[in-house]
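The letter at position 21 of the sequence shown is residue 21 when you use UniProt numbering, and the numbering goes up by one with no holes.
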Amino acid sequence: MRTYAPAVPSLRIRDAAELLGVSDDTVRRWIDTGALTAQKDDAGRLVIEGRDLAELASANARPPQTRLGSASSARNRFPGLVTRVVIDGVMAQVEMQCGPFTVVSLMSSESVRALGLEPGSVAVASVKATTVVVETPGR
C-alpha cells in the first residue's frame with residue numbers, strides 16, 4: 001500500500017507571521033495589497049495556503065545585507081550579536097542572537113581572543129553543513 005504526504009496546510013495569519021519573522025499586521029498588509037492570497041476557513045478566519053506562503057518566502061529571500069565579513073562560499077550567514085562567551089581552557093562556547101535565532105558555536109579559546117568576541121560584539125555566524133535535519137509538527 002502506498003502512503004502519500006498529507007495535504008499542505010492552510011495557516012492562520014498569526015502562524016504565517018511567526019514563520020516569516022514579521023508582524024501580523026505585515027501579513028495583513030500583504031493580503032490587502034495582493035502580495036498574498038487569503039481565504040476564509042470553516043470558522044470564518046482568514047488563512048493562507050502553505051504553498052502561497054512558501055512562494056512569497058522564496059521570492060523575498062535574500063542574503064542579509066551586512067558590511068561585516070568577506071566573500072564566502074557559505075550560503076547561510078547570520079549577522080547578529082554575541083550574547084554569551086564561556087571559555088573553558090582550550091575550548092570556548094560562543095552564543096549569538098541572530099534575529100529570532102540563537103546560534104551557538106564551539107571554537108578554540110584562542111579564536112575567541114583573536115576575534116575579540118565578547119557579549120555585545122557584532123559578528124556573522126556562517127553555517128555550512130552536510131547534514132540538515134528537517135522535522136514536521138507532531139500530529
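In this text, a Cβ means the ideal position worked out from N, Cα and C, and glycines have one as well.
Close beta carbons around residue i, own chain, < 7 Å, minus the five adjacent residues each side
| i | result |
| --- | --- |
| Met91 | Leu106, Ser108, Ser109 |
| Ala54 | none |
| Val47 | Ser10, Leu11, Arg12, Ala38, Gln39, Asp41 |
| Pro119 | Val82, Thr83, Arg84, Val85 |
| Arg45 | Arg12 |
Spatial neighbours of residue i in its chain, beta-carbon cut-off 6 Å, leaving aside the 5 residues before and after
| i | result |
| --- | --- |
| Glu95 | Thr83, Arg84, Val104 |
| Ala5 | Reliability of the predicted coordinates at Ala5 is poor, the pLDDT of 49 falling under 50, and no value is obtained from them. |
| Gly89 | none |
Environment of residue i [buried if 16+ CB atoms lie within 10 Å]
| i | result |
| --- | --- |
| Gly21 | exposed |
| Val127 | exposed |
Check whether residue i and residue j have beta carbons under 8 Å apart
| i | j | result |
| --- | --- | --- |
| Val27 | Ala17 | yes |
| Arg77 | Val134 | no |
Near the ligand NAP: residue i beta-carbon under 7 Å from a heavy atom
| i | result |
| --- | --- |
| Val104 | Absence of the ligand NAP is noted for the structure shown, with no ligands found whatsoever. |
Complete runs of the alpha helix (DSSP H) confined to the stretch 41 to 118 [at least 4 residues]: List check, alpha helix (DSSP H) in window: 50 to 60, 109 to 115.
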